[in-house]
């Protein structure tokens, strides 16, 4: 009897349907208020979401390619090299990179190195008084070669362990100040940047349509007079980042060149222009200036008359410019595409809040 | 009296509880309709959201490494160099890059430059009739050296200012057409790409498991016959981007090689294969073709018998290939992980719309 | 009559307003339960969403610059080169890259190549018995030069087609094992990484404030004893990725150095420190090891006494280290900014679930 009652109860429950009781108010006053509220909500959705917030637009990320070309001549006059001209093939290392270029601004040069024996540079751990202080075969990370086990004269005063190395060794000294290639501040660089928004098949480049060959041959970027010229003077870029070129050139550093494309394809495509900003990327905190700047070593290899390999070692200090392209494009999409796609959420959100407002109102009304 | 009434009123309000009145309909017809609706909604959530939209899956972005290796031989025959072979060490500059490689296709060569004096190339600003037209020490960005202040003979007709520079100067002429390394169209490149989805500990590379050494030694990518061969003929890549290789090779350019990995780890891992697409990245708009192509200057340095430095300057035109890897992987997650994690929102959204549909119906029913 | 009735009906419908009937329960018990529930919900929102989930924080992506500097000396002893020292200018190729550096660990060297004629390396397709087997002008992608049409002696046994190429040709053999520059495991690299969160004007670098010059001169990264030292021993990095350095050095490979900055700017800025992880990026699947490792060819060019160009061809095997910087920073924002901005959604979500819980309860109560 009880089981049967339970069954009946479950069955009854299954076919039970609960619904809130609805009160229908037929009133001119309340009805008008209701419709006005609805009209306001619709106006809000159309006006605010669609027109102002551009919620109906579709966006796409940028696909970009960057090439650079530096121009300029520097003159140096040193006892080692005499009067010497430096051109782009000498000071851009390596000659091409993907989104970056390096300009040599200062250097320490060691000429005519050969694989031979010479005394180590005096430093803790390399000083000696007799051969017993030196260990044949020892190769210290801070050293310049492999020790031969001999203790030899470095200068009239110092004796250091002899090493097999590229001799003569580079002298561990501060870079020249003012920098050797101080002329680098007047070098210019042409930055060519092509962008593409694959979704909308939209292409553009930073050499704008009105820029012709004549203009490009003599223009230099200036935020006020020549904002569309894609040729930048190195000093101007560094100055815009609130740095001093000659100071930065001594130890080197890293600069960021930011190109921003924010295009609204509802507007004429000629309104879609790049904006350039410059920023120093490496830290130059005066308090925490351990290992400052940017330098690296490279060599040019030669063979002398006896078919022996010699090289010129260069410790190069300079500025690396990293070109970074940012950008988003927005385009109108038709309503049907929209409702089937991702932007749906925005509308749904607005729809929900509409329901909420209405409920609030309706709760207050009775 | 009034204050006390107000207090009592607030107190009453605080303990007041409003709830909609519920009408319970015990009807076979309405109850059945109710349950059918619920069943439809559940079927929709399971069928559409879970199976079709894969809302239950988790995703991860790709971690990628790219290495490339170009192969091929080009032959040139010029009055300067005679018959000359170019191999990979000659035409890939620099020899290795992170996600990119450059192939030299055309060049202007200036042999045996030394640091010396020579007349500037005739151009506006460098022409002169007497020494008074030249300013010693002047270094124009468009020039090739530092002026000595002398006006010297450039040719039988022209006189230009003398400069200290790498002499003889490079002649400012158009690159050869057809390109010097026209053979480059038959060069092949092996692109090795390893991907990793750290979240799922899933690794794969574009040399698929069934590809053996013998196949790899002779295959060339072809979208129909060899879609899994990771060796690409340069001409094929350029042709797929709707460009002509020989035309592009004259002035150079930038190509994008896109590798897309879109893997569903619910499926066998052998279904997870890369798709390759090719696209020209730099602009070649015929209307706006100021500063077209891609070129840069580099030099090879020698020392002659007198220990004097000489160099061969090369203005190299060529194609830079930027390899871009895209990819997303999706994997099933168990229900508990899911509800605790980000995908929650999708379910909630569906749950909300379920409530809405039901309300719509319930409002109509009575 | 009917039209008028319809009009009236539509009109009536327009001014009709439906609202659920509300039951107001004035009960101490139910009211208290209601308020306790509300209090719990508010506590949940403040406690869980704000304090634990930090839903009130704003985030920003990182802007980063990386420079690297390798140090160390390797010694090789071969019949070709004799005893020879390798320093950073010899084994880092190219000398500088944007977010990457390559260290040579093994090599096959071919000395004194000149543009001349020599027999091809014996391989299928290049073997011959008479001149008829060779085709003048033929240039196979797998070959090393352009065939002259002659069949010449390669060794006492083999005859191969003669080619115009950089002769003598490189011998196609396996790289030495153990690797030539086995000493590379003790090389160290200083990785300098500066980051910047533009939105919050927050800068930091991986050389932490307390690190002074003396410490930086002798420290080496160790996860336990020196977790903040930005100088890494190459072997340690490879070992942390569960690889054997000497094995990897034979054929080369690609390593990923991941630097993670996850900073909460609510906390002292000294808590914001980088975390380093190391991972091998290229595949070394023992089953699918076709074309393993990483190598490329490069050359050093010389001119001999007769002004003829000669070169030393190097097939270099080595490890490329790709430095990848990840990071997100979070900062407190004030409430007003918050409600006007993107984080709004989180609150809305919580608000909705609050409504749900409440409804559930309220439905059960009567």
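Chains as they are written, first to last, in my numbering: chain Y, 23 to 388; chain Z, 23 to 388; chain H, 23 to 388.
Where a beta carbon is used, it is the ideal one built from N, C-alpha and C, also for glycine.
Values in this document were obtained by computation on a predicted structure and should not be read as measured data.
Identification of chain Y residues near residue 190 (chain H) by a Cβ-Cβ cut-off of 9 Å yields none; the smallest Cβ-Cβ distance measures about 16 Å.
Shown here, residue 53 (chain H) sits in a helix according to DSSP, grouped into three states. Per the DSSP secondary-structure output, residue 321 (chain Z) pairs in a beta bridge with Z:335.
Of all alpha-carbon atoms in Z:318, Z:167, Z:170, Z:330, the one lying nearest the alpha-carbon of residue 118 (chain Y) is that of Z:318.
Taking C-alpha positions only, residue 123 (chain Y) is separated from residue 179 (chain Y) by approximately 44 Å. DSSP assignment within the segment 154–234 of chain Z yields the following whole beta strand (DSSP E) runs of 3 residues or more, N-terminal first: 168–175, 181–189, 210–219, 224–227. Beta-carbon to beta-carbon, residue 184 (chain Z) and residue 144 (chain Z) are separated by about 13 Å, too far to satisfy the 8 Å threshold.
Under the three-state reduction of DSSP output, residue 243 (chain Z) falls in the coil class, being neither helix nor strand.
Where residue 148 (chain H) is concerned, there is no enclosing beta strand (DSSP E), because DSSP gives it neither an H nor an E.
The criterion of a C-beta distance shorter than 8 Å is satisfied by residue 210 (chain H) and residue 255 (chain H). Ranking Z:230, Z:328, Z:322 by CA distance to the CA of residue 283 (chain Z) puts Z:230 first.
Not one beta carbon of chain H lies nearer than 8 Å to the beta carbon of residue 266 (chain Z). Chain-order list of chain Z residues neighbouring residue 115 (chain H): 117, 118, by C-beta distance under 7 Å. Residue 259 (chain Y) carries a helical assignment under DSSP once its states are collapsed to helix, strand and coil. Interface with chain H (8 Å Cβ-Cβ cutoff): residue 222 (chain Y) is excluded.
Under a 10 Å Cβ-count criterion, residue 94 (chain Y) is classified as buried, with 16 or more other Cβ atoms of the shown protein chains found around its own Cβ. Listed along the chain, the chain Y residues whose CB falls inside 9 Å of the CB of residue 229 (chain H) are 305, 310, 312, 313. Residue 138 (chain Y) sits in a strand when the DSSP states are folded into three classes. When DSSP reads this structure, residue 99 (chain Y) sits in a beta bridge with Y:105. The DSSP-derived three-state label of residue 115 (chain Z) is coil. Just so you know, the alpha carbons of residue 276 (chain Z) and residue 314 (chain Z) end up roughly 11 Å apart.
Taking a Cβ-Cβ cut-off of 8 Å, the neighbours of residue 327 (chain Z) in chain H comprise 327, given in sequence order. According to the DSSP assignment, residue 277 (chain Y) belongs to the beta strand (DSSP E) that extends over 275–286.
Between residue 259 (chain H) and residue 272 (chain H), the C-beta gap is not smaller than 8 Å, which leaves the two residues out of contact. For residue 88 (chain Y), the enclosing beta strand (DSSP E) starts and ends at 85–93. Contacts with chain H at 8 Å (Cβ-Cβ) include residue 321 (chain Y). Annotation: Cβ neighbours of residue 235 (chain Y) in chain Z (cutoff 7 Å, chain order): 312. Under the three-state reduction of DSSP output, residue 298 (chain Z) falls in the strand class.
The alpha-carbon separation between residue 98 (chain Y) and residue 104 (chain Z) amounts to approximately 36 Å. A contact is defined here as three or more CB-CB pairs under 8 Å, and the segment 127–138 of chain Z meets this definition with respect to the segment 197–204 of chain Z. Taking the CA atoms as reference points, residue 158 (chain Z) sits about 11 Å from residue 167 (chain Z).
Under the Cβ criterion of 8 Å, residue 215 (chain Z) is not counted among the residues facing chain Y. Not flagged as an interface residue toward chain Z: residue 187 (chain Y), since no C-beta distance is shorter than 8 Å.
205, 208, 209, 210, 212, 214: these are the residues of the segment 197–215 of chain Z whose beta carbon lies less than 8 Å from some beta carbon of chain H, given in chain order. Only buried fits residue 111 (chain Z), as 16 or more other CB atoms lie within 10 angstroms of its CB. Residue contact check for residue 95 (chain H) against chain Y: a CB pair falls below 8 Å.
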